[in-house]
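What follows is a short report on a single structure.
Number of protein chains: 4
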Amino acid sequence: MKKIKVGIVGGSGYTGIELLRLLTQHPSAEIVTITSRGEAGTRVEDMYPSLRGRVDLVFQDPKEAPLKECDVVFFATPHGVAMSMAEELTQNGVKVIDLAADFRLKDTEEFKKWYKMEHTCPDILKKAVYGQPETMRDKMKDAMVLGMAGCYPTSIQLGLLPLLELHKKVGNIVDIKQTIIADSKSGISGAGRKAAVNLLCAEATDNFKAYGVGGHRHSPEIVQQLSEFAGEKVSLTFIPHLLPTIRGIFSTIYVQLTEKGMEQDFQKLYEQRYANEPFVDVMSKGALPETRMVRGSNYVRIALYRKEPNLLVILVVEDNLVKGSSGQAVQAMNILFGLPETTGLEQIALAP
Amino acid sequence: MKKIKVGIVGGSGYTGIELLRLLTQHPSAEIVTITSRGEAGTRVEDMYPSLRGRVDLVFQDPKEAPLKECDVVFFATPHGVAMSMAEELTQNGVKVIDLAADFRLKDTEEFKKWYKMEHTCPDILKKAVYGQPETMRDKMKDAMVLGMAGCYPTSIQLGLLPLLELHKKVGNIVDIKQTIIADSKSGISGAGRKAAVNLLCAEATDNFKAYGVGGHRHSPEIVQQLSEFAGEKVSLTFIPHLLPTIRGIFSTIYVQLTEKGMEQDFQKLYEQRYANEPFVDVMSKGALPETRMVRGSNYVRIALYRKEPNLLVILVVEDNLVKGSSGQAVQAMNILFGLPETTGLEQIALAP
Amino acid sequence: MKKIKVGIVGGSGYTGIELLRLLTQHPSAEIVTITSRGEAGTRVEDMYPSLRGRVDLVFQDPKEAPLKECDVVFFATPHGVAMSMAEELTQNGVKVIDLAADFRLKDTEEFKKWYKMEHTCPDILKKAVYGQPETMRDKMKDAMVLGMAGCYPTSIQLGLLPLLELHKKVGNIVDIKQTIIADSKSGISGAGRKAAVNLLCAEATDNFKAYGVGGHRHSPEIVQQLSEFAGEKVSLTFIPHLLPTIRGIFSTIYVQLTEKGMEQDFQKLYEQRYANEPFVDVMSKGALPETRMVRGSNYVRIALYRKEPNLLVILVVEDNLVKGSSGQAVQAMNILFGLPETTGLEQIALAP
Amino acid sequence: MKKIKVGIVGGSGYTGIELLRLLTQHPSAEIVTITSRGEAGTRVEDMYPSLRGRVDLVFQDPKEAPLKECDVVFFATPHGVAMSMAEELTQNGVKVIDLAADFRLKDTEEFKKWYKMEHTCPDILKKAVYGQPETMRDKMKDAMVLGMAGCYPTSIQLGLLPLLELHKKVGNIVDIKQTIIADSKSGISGAGRKAAVNLLCAEATDNFKAYGVGGHRHSPEIVQQLSEFAGEKVSLTFIPHLLPTIRGIFSTIYVQLTEKGMEQDFQKLYEQRYANEPFVDVMSKGALPETRMVRGSNYVRIALYRKEPNLLVILVVEDNLVKGSSGQAVQAMNILFGLPETTGLEQIALAP
C-alpha cells in the first residue's frame with residue numbers, strides 16, 4: 000500500500016513531538032518533512048531523544064520544506080500560521096489539518112477578539128470543517144482543511160453531546176436558562192513548550208490553581224459547538240485549572256435539568272450514542288474516571304452521576320496531547336484517507 | 000507564664016504529627032503526653048525524624064497516658080474515639096478538642112447514618128461547640144468540648160460565609176432554589192496515613208480523579224453550617240477530587256444569585272467581613288489563589304469572580320493539615336486559653 | 000499464523016498489568032488466562048480501567064486456570080510461586096517465564112539467604128536460563144524455564160557488559176581490587192502494588208531517600224552476572240534510592256580503571272557491542288540520558304563519561320516495568336518462539 | 000532591643016523569597032529594603048502572595064535603595080553583583096553576606112575559569128570569610144564580607160568534615176589516591192527562578208537525570224574546602240542530578256579508607272564532632288535520611304554506612320534553599336551580630 004506522505008509544520012512543541020510519536024508508529028503514514036524555524040538543521044532525535052533510533056529526520060526551515068509534495072500537512076504551530084499557508088497548500092491538493100485555532104471559530108469577529116489578529120482567509124474558513132470525528136465524521140471525509148477541536152473543548156463537548164442532541168431532538172431537557180458549568184483541570188503540557196516562569200517545575204508542581212478565570216480562548220469554541228448540538232444558544236461557565244501533572248484533562252460538568260430532563264436515563268442514552276465510537280468509553284454506572292486511565296492513549300472516558308434530582312454531573316477524562324490534540328488529528332487523517340479510524344492509535348494507556 | 004499542659008491522643012497520623020510540629024513551636028504550650036496504641040514505646044522522633052532534636056517524647060498507650068493531668072487534650076484519632084473519652088476528661092476539668100467528626104454534627108441520626116456508629120454521648124454533644132473561630136469564637140471561649148470543623152468544610156464555609164450572612168440579614172441574595180456547587184480538590188494527606196492501595200504513590204501521583212461522588216461524609220456538616228449562616232436550608236452539591244499533591248485544598252464554588260444578589264459588591268463585602276480575621280485573606284480583585292500560597296501555613300485565601308451576571312465564583316485555598324485541621328485546632332486552643340489567636344501559628348507558607 | 004497461547008499467573012500487580020498492556024498489543028500472542036487469587040471473578044477491565052475495551056478477561060483462581068493448555072506462562076508473582084508450579088507446567092510442555100527471583104540465582108544457598116525460603120526445584124533451576132537477551136540470547140532459545148533479570152540488575156549489567164567483557168578478553172582493564180559503585184535510583188512502581196505506609200503518595204512524593212543500604216536482594220544477582228562477564232569475582236557496592244516518580248531506573252555507575260583501561264575508547268567499544276541490539280541505545284558522546292527518554296518503552300539508554308583519567312562514569316536509564324521487567328519478558332517470549340525480538344515492543348517513550 | 004537593619008539585593012529569585020520568609024519571622028531583624036531591577040515598584044506581596052499580610056515592602060531599584068543605611072546586606076543575586084557593590088558598602092560599615100559565588104573561591108583564576116568573569120575586588124576577597132558556621136564560626140564573627148557556602152558544597156563538606164579533620168590530625172585515614180565520589184541529587188529550585196525550557200514542569204517532573212557531568216561550578220569550591228579540611232589536596236568526582244522535587248539535596252558520598260581508616264568508629268566520631276552543632280544531626284546507626292526530613296528547615300541530617308570494609312558511604316540531606324542557602328545566610332547574620340545561631344531558624348520540617 001502506498002503510504003500517506005505527511006508533513007508537520009512546527010515540530011518543536013508538544014503537539015509536534017506527540018505527532019511524531021504517533022505517526023512513527025502509524026503503519027500507513029510516512030513523515031516526509033518536519034519544520035521548525037528555531038531548530039532548522041537539528042536532528043529530530045537530538046532534540047527528542049525519546050525518538051532515538053525511530054525517526055531519521057532533520058528539522059527543516061518551513062520555507063525550504065517540501066510541504067507541497069505531501070498528501071497532508073499538520074500544523075502544530077501557534078495560532079495564525081496555518082491560515083497563512085492554507086491557501087497555497089490546498090491549491091496544490093495538499094490537505095491541511097490545523098491543531099491550532101485558525102479554523103475552529105466560524106465567526107471571524109470572535110476569532111479576532113480572542114486571538115488578537117485578523118483572519119486572513121475567511122473563504123477557506125467557510126469551507127473548512129471542524130475536526131471532531133464523533134460529530135463531524137461525514138463532513139470531515141471530503142474536507143481540504145480541518146480545524147481540529149481544542150483540548151478542553153473535546154472533553155466538554157463529548158461530555159455534553161448526547162445530552163444536548165437529545166435536548167435538540169425532543170426539546171426542553173436542559174434548563175437552558177441556567178449556565179452549564181465546566182470545572183476543568185489540565186496537566187501542564189497543555190500550556191505548551193515555552194519558557195515561562197509560571198510553568199516552571201518549581202512553580203507548578205505540588206501546586207494547584209485556577210487561571211484564565213476572566214475568559215479563556217476555548218470558551219467561544221465550546222459555546223459554538225454546544226449551541227450547535229443543542230439547536231439553540233447555550234450559556235457556559237468555563238473555569239480552567241492547572242494540575243501538577245504532565246498530561247491529562249479532567250472536566251467536571253454540571254448541568255441543570257428540566258422536569259422532563261429528570262426523567263431521562265442518561266446512562267443508557269450515552270451508552271447508545273457512543274456504542275460505535277472507537278475512542279469514547281462510557282464507564283459503567285458508579286465507576287469514576289481518572290486521568291491515568293487515558294495517559295498516552297486516544298480514549299475519552301465519561302461517567303455520569305445524578306446529584307440532586309435536577310443536577311447531572313458529567314465527569315470526563317482525556318489525554319490533552321492525544322485525544323485532545325495530536326491523537327485526534329491522526330484520527331482525522333485516517334478519516335481523510337479512508338483508513339479505519341483506529342489505525343496507529345491503539346496505544347493502551349500507561350498505567351501505573 | 001505557666002504553660003498549657005497538652006495531651007495528644009492518636010499521634011501517629013498526619014494530623015497528629017502536624018499538631019506536634021505546631022505545638023513544639025508554640026511558646027505557651029507544653030506537650031505532656033502523646034498516645035498511640037500501635038506505636039506505644041516508640042520515641043516520637045524515631046517515627047518522625049523531621050522532629051529529631053525538637054521533641055523528647057515517647058508514644059504512650061492511651062490507657063497509661065496522664066491525660067487527666069492535662070489542661071487540654073487533642074484527639075487526632077479516627078471517628079468515635081473522642082466521644083468514648085470526652086466524659087471522663089471533661090469531668091476532670093480537661094478540655095477536649097476533637098479533630099475528628101464526633102462533635103460536628105448536631106443531629107445524632109445524621110451522625111449514625113454517615114459514620115455507621117451510634118453517638119455515645121449526646122449530652123456532651125449538646126454542649127459541645129463547633130470549632131470554627133470565624134463564626135463561633137465567642138461560644139468557643141467557654142466550651143469544654145470543641146468539635147473542630149473538617150478540612151473541606153472549612154474551605155467551603157469560609158468561602159460562603161459573608162455571602163450567606165448577607166442573605167440571612169437582608170434576604171433573597173442567593174437563589175436558594177438552585178444548588179450551590181462546591182467542586183473541591185484535596186491533596187492526598189487528607190486521606191490520612193493509612194496503608195491502602197489507592198493512596199500509593201504509584202497510583203495517586205501524576206493522576207487526578209473524583210471520588211465520593213455518591214456522597215461524602217463532609218456533606219452533612221457543610222449543609223448544617225451553611226444553613227445556619229443562611230438562616231434557611233441550603234442545597235449543596237459537593238464533588239471532592241484528589242490532587243497529586245501532599246497538602247492543599249482548593250474549592251471552586253459556584254453560586255447562583257438573585258437579581259438582588261446581582262447588585263451587591265461582594266469584593267467589598269468579603270473584605271469587610273474578614274478585615275479583622277488574622278487567618279482569612281481576601282485577595283485583591285483579579286488575583287487568584289494557589290494552594291502553594293498557603294502550604295504549611297494557617298491562612299485561607301479567597302478570591303471572588305463574577306461570571307455571567309448571576310453566577311458568583313468563589314475560589315478558596317487552605318492547607319488541609321493546618322487551617323483545615325491541626326492549625327485551626329491550635330487556634331481553637333488559643334481561644335480556649337485566652338491567648339492571641341495567632342500564637343504559635345505565624346509560619347509563612349513554604350514557597351517555592 | 001497461529002497465535003502463542005499465553006497464561007499470566009499473578010496478574011494483579013504492576014508487572015502483571017504491564018504484561019497485559021504489552022501482550023494485548025502483541026500481534027502474535029493471545030492471552031488465554033490470567034490468574035489472581037485475591038481478584039478471582041473480577042473482570043480485568045474493572046480492576047484496570049486503562050484496559051477497558053481492550054481486554055475481555057476475568058481473573059481466574061490459579062487452581063482453575065487452564066495454564067497447562069498454554070504455550071507459555073508468565074509468573075508476575077512474589078518470589079516462590081513460579082518454582083512451585085514450574086515442574087508440572089514444563090512436564091506438560093509449557094514454557095515458563097518467571098519475572099520474580101526463583102530462577103535467577105544459581106546458588107541455592109544464596110537464594111535461601113536472601114529470600115528466606117528453600118529452593119524447591121534445584122533440578123529445574125540447573126536447566127533454567129537467565130533471561131537477559133543481550134547476553135543469553137542463544138541459550139534462551141531452547142530453554143523451558145527463564146529466570147528473567149531483575150530491574151536494577153538489567154540497568155547495571157547492561158551498563159557494565161561491554162567493559163567487563165573486554166576485561167575478560169584482554170585482561171586487566173578494570174581495577175578489580177576496587178569495588179564498582181552503582182548508585183541507582185528507581186521510581187516507586189519498582190516496590191510493587193502493595194499497601195504499605197512507606198509507599199503512600201503522601202510519604203514518597205516530593206521526597207528522595209536511600210533504602211536497603213545494608214543489603215538489597217538484587218546484589219547477589221548482579222554480582223553473579225558481573226563476575227560471569229568479567230571472568231572473575233567482581234566486588235560491587237550497590238546503593239538503591241527511591242525516586243518520586245512512578246517509573247524509571249537511573250543507575251550512575253563508577254568504575255576504576257587500570258592504566259591499561261585508561262587507554263581504551265569506551266564510547267566506541269559500547270557502540271560496537273550494542274550495534275545490533277534493538278533495545279540498547281548508546282547515546283552520542285556528551286549526551287546524557289533521562290528517565291523520561293524511556294518512559295513506557297523497552298529501551299535502555301547508556302552514556303559514558305570519563306572523570307579523572309581512571310574513573311569511568313556510566314549512566315543508564317530504563318523503564319523498570321518494561322525493559323526492567325515485563326517488556327524484557329515479552330522480548331524473551333519472542334526469542335522462545337522464534338519471533339523478531341521487537342515484535343509487540345515498538346512503543347515509543349511517552350514524552351513529555 | 001534594636002533590630003538589625005537588613006537589605007536584600009536581588010529579591011525576586013528563590014533565595015530572595017526564602018530570605019523574606021525567614022527574616023520576616025526573625026525576632027531581631029527588620030527588612031529595610033529589598034531590590035529588584037525587573038520588579039521595581041511592585042509590592043512584594045503581589046509577586047509573592049505567600050507573604051500577603053506579612054511583608055509591607057515594595058521592590059526598589061538597586062540604585063535608589065537605602066542599602067548604605069543597613070547594618071547588613073544580603074546578595075541573592077547572580078554571580079558578579081556582590082563584588083560590584085561590596086567595596087562601597089563595607090566602606091560605609093555595612094556588612095555583606097553574598098549567597099552567590101563572588102567570595103567563595105580564594106583563587107581568582109579559578110573564579111575566572113568557572114564564572115567567565117574577572118574578579119573585580121581581589122583585595123576584599125582576601126579578607127572575605129567563607130560562610131560555613133560549622134568550620135568558620137570564629138573567623139566569621141568579625142568579617143565584613145561573607146561568601147556563603149553553596150548548596151551542594153554545604154551537603155558534601157558537612158558530610159566529609161569529621162572524616163577529613165581526623166585524616167588531617169592523625170594522618171592516613173582516607174585513601175587519598177582514590178577520588179572521593181559525591182553522587183548528589185537536587186530539587187529543581189536549585190536551578191533558580193529563570194524561564195528556561197529544561198526547567199519546565201512538563202520537562203522536569205516525573206523525570207530524573209544527571210547534568211553538568213563534564214564539570215560543575217561547585218566542584219572547585221568543594222575541592223578547596225575539602226582539601227583545607229584534609230590538610231592536603233583531595234580528589235573529588237562530583238556528579239549532580241536533578242530531582243523532580245522542588246526542594247532538597249541528597250548527597251551519597253563514597254570514600255575509600257586506608258587500613259588505618261577501617262579501624263575507626265565513624266559513627267562516634269561524627270556524633271562527637273557535631274554534638275554542639277545546632278543544625279547538624281547525625282542520625283542513629285542504621286537510620287537513613289530523606290529529603291522531606293529537612294523540608295523547609297535549616298537542618299542537615301547525616302547517616303553513615305560501611306559497605307565493603309574499606310568503603311564508607313555517607314548520606315546527607317539538606318534543604319537547598321534553607322541550610323543550602325538562605326537559612327545558612329541568616330545563621331551567618333546571627334553570628335555576625337552576636338545572636339544565638341538558632342534565632343529565627345527554628346522552623347521544623349514540613350512533614351508530610
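Chains as they are written, first to last, in numbering that gives the first Met the number 0: chain A, 0 to 351; chain B, 0 to 351; chain C, 0 to 351; chain D, 0 to 351. No residue lacks a Cβ here, since even glycine has one placed at the ideal position from N, Cα and C.
Inset, instruction - Taking 8 Å as the threshold, find out whether the region 192 to 203 of chain D comes into contact with the region 291 to 307 of chain D through three or more Cβ pairs. - result: Flag = no, the region 192 to 203 of chain D and the region 291 to 307 of chain D do not touch.
Legend entry - Contacts that A/C200 makes with chain D (C-beta to C-beta distance below 8 Å): For A/C200, the chain D residues whose Cβ falls inside 8 Å of its Cβ are I187, L198, L199, C200, E202, A203, T204, P243, I245, in order along the chain.
Legend entry - Expected contact under 8 Å - CB spacing of D/V93 and D/V72 to nearest Å: Taking 8 Å as the upper bound for CB-CB distance, D/V93 and D/V72 are in contact here, some 6 Å apart.
Legend entry - Three-way DSSP call (helix, strand, coil) for B/P359 in this model: Look at the range of chain B in this structure, 0 to 351, and you will see that residue 359 of chain B is not part of it.
Inset, instruction - Could you name the residues that DSSP lists as bridge partners for A/T251? - result: Its beta-bridge partners are A/D182, A/L314.
Legend entry - Proximity of B/T14 and B/S226 at Cβ, strictly below 8 Å: Going by C-beta atoms, B/T14 is not nearer than 8 Å to B/S226.
Inset, instruction - Could you tell me the distance, in whole angstroms, from the CA atom of B/K364 to the CA atom of B/F265? - result: The question about residue 364 of chain B has no answer, for chain B in this structure spans 0 to 351.
Inset, instruction - Give a yes or no on whether 8 Å exceeds the smallest Cβ distance from B/R192 to chain C. - result: Cβ-Cβ to chain C under 8 Å: yes for B/R192.
Inset, instruction - Kindly list, in the order they appear in chain B, the residues whose Cβ is closer than 7 Å to that of C/A195. - result: Residues of chain B passing the Cβ test: A194.
Inset, instruction - Quick one: which residues of the region 43 to 55 of chain C get their C-beta closer than 8 Å to a C-beta of chain B? List them in chain order. - result: Within the region 43 to 55 of chain C, no residue places its CB atom closer than 8 Å to a CB of chain B.
Legend entry - Residues of the region 12 to 33 of chain B whose Cβ lies closer than 8 Å to any Cβ of chain C, in chain order: Cβ contacts with chain C: Y13.
Inset, instruction - Check whether the Cβ of D/A286 lies closer than 8 Å to any Cβ atom in chain B. - result: So yes, D/A286 belongs to the interface.
Inset, instruction - Rank B/H78, B/K62, B/I3, B/K4 by C-alpha distance to the C-alpha of B/G12 and give the top, closest one. - result: Comparing Cα positions, the closest option is B/H78.
Legend entry - Proximity to C/T251 [Cα-Cα], best of D/K208, D/K67, D/L165, D/V281: When D/K208, D/K67, D/L165, D/V281 are compared, the shortest CA-CA separation from C/T251 is found for D/K208.
Inset, instruction - Scan the region 183 to 210 of chain A and note each continuous alpha helix (DSSP H) run of 4 residues or more that stays entirely inside, going in chain order. - result: The region 183 to 210 of chain A contains these whole alpha helix (DSSP H) runs: 200 to 203.
Inset, instruction - List the residues of chain C that A/P351 touches, going by C-beta distances under 7 Å, in chain order. - result: Correct list: Y13, S188, I245.
Inset, instruction - Give the DSSP-derived three-state secondary structure of D/D440 in the structure shown. - result: Residue 440 of chain D lies beyond the residue range present for chain D, which begins at 0 and ends at 351; the question has no answer from this structure.
Legend entry - Three CB pairs or more closer than 8 Å across the region 327 to 338 of chain B and the region 138 to 155 of chain B: The region 327 to 338 of chain B makes contact with the region 138 to 155 of chain B, as at least three CB pairs between them are under 8 Å.
Inset, instruction - Would you mind sorting C/T341 into buried or exposed? The rule is 16 or more other CB atoms within 10 Å of its CB. - result: Looking at its Cβ environment, which holds fewer than 16 other Cβ atoms inside 10 Å, C/T341 is exposed.
Legend entry - Alpha carbon of D/E87 to alpha carbon of D/V95, nearest angstrom: Spanning the two alpha carbons is a distance of roughly 10 Å.
Legend entry - DSSP beta-bridge partners of C/K306: Under the DSSP definition of a beta bridge, C/K306 partners with C/L310.
Inset, instruction - Taking C-beta pairs closer than 8 Å, name the residues in chain B that A/E289 reaches, listed in chain order. - result: Proximity of chain B to A/E289 at the Cβ level (cut-off 8 Å) is accounted for by N206, F207, K208, in chain order.
Inset, instruction - Please report the residue range of the beta strand (DSSP E) in which A/V8 lies. - result: Counted as a single uninterrupted DSSP element, the beta strand (DSSP E) harbouring A/V8 occupies residues 3 to 8.
Inset, instruction - Can you tell me which of the three DSSP states B/F228 falls into? - result: Looking at B/F228 - three-state DSSP - the assignment turns out to be helix.
Legend entry - Whole runs of the beta strand (DSSP E) within the region 93 to 118 of chain D, excluding any shorter than 3 residues: Restricted to the region 93 to 118 of chain D, the beta strand (DSSP E) segments that are unbroken, complete and at least 3 residues in length are 94 to 97, listed in chain order.
Inset, instruction - Please confirm whether B/H240 and B/K193 have their CB atoms less than 8 Å apart. - result: Note that the C-beta distance between B/H240 and B/K193 is not below 8 Å.
Inset, instruction - Can you check DSSP and say which residues form a bridge with B/Y129? - result: B/Y129 is bridged by DSSP to B/G146.
Inset, instruction - Name the one or two DSSP bridge partners that C/V169 has. - result: According to DSSP, C/V169 bridges with nothing at all.
Legend entry - Whole-number beta carbon distance between A/E117 and A/L160, since they are thought to touch under 8 Å: The pair is not a contact, with the Cβ atoms about 32 Å apart (cut-off 8 Å).
Inset, instruction - Look up B/P288 in the DSSP assignment and say whether it is helix, strand or coil. - result: In the displayed model, B/P288 falls within coil according to three-state DSSP, outside both helix and strand.
Legend entry - Whether A/F74 touches A/D60 by CB criterion (8 Å): The Cβ-Cβ distance between A/F74 and A/D60 does not fall below 8 Å.
Legend entry - Neighbour list for A/D182 in chain B, Cβ cutoff strictly below 7 Å: Those are D182, T251, listed as they occur along chain B.
Legend entry - Within chain C, partners of D/Y304 - CB distance below 9 Å: The contacting residues are A209, V212, G213, I238.
Legend entry - Distance between beta carbons of B/I172 and B/T257, contact taken as under 8 Å: About 6 Å separates the two Cβ atoms, so the contact holds.
Legend entry - 8 Å Cβ cutoff, B/S296 in contact with chain A: For B/S296, the nearest beta carbon of chain A is not closer than 8 Å to its own beta carbon.
Legend entry - Buried or exposed by the 16-neighbour rule on C-beta atoms within 10 Å, applied to B/P308: Result: exposed.
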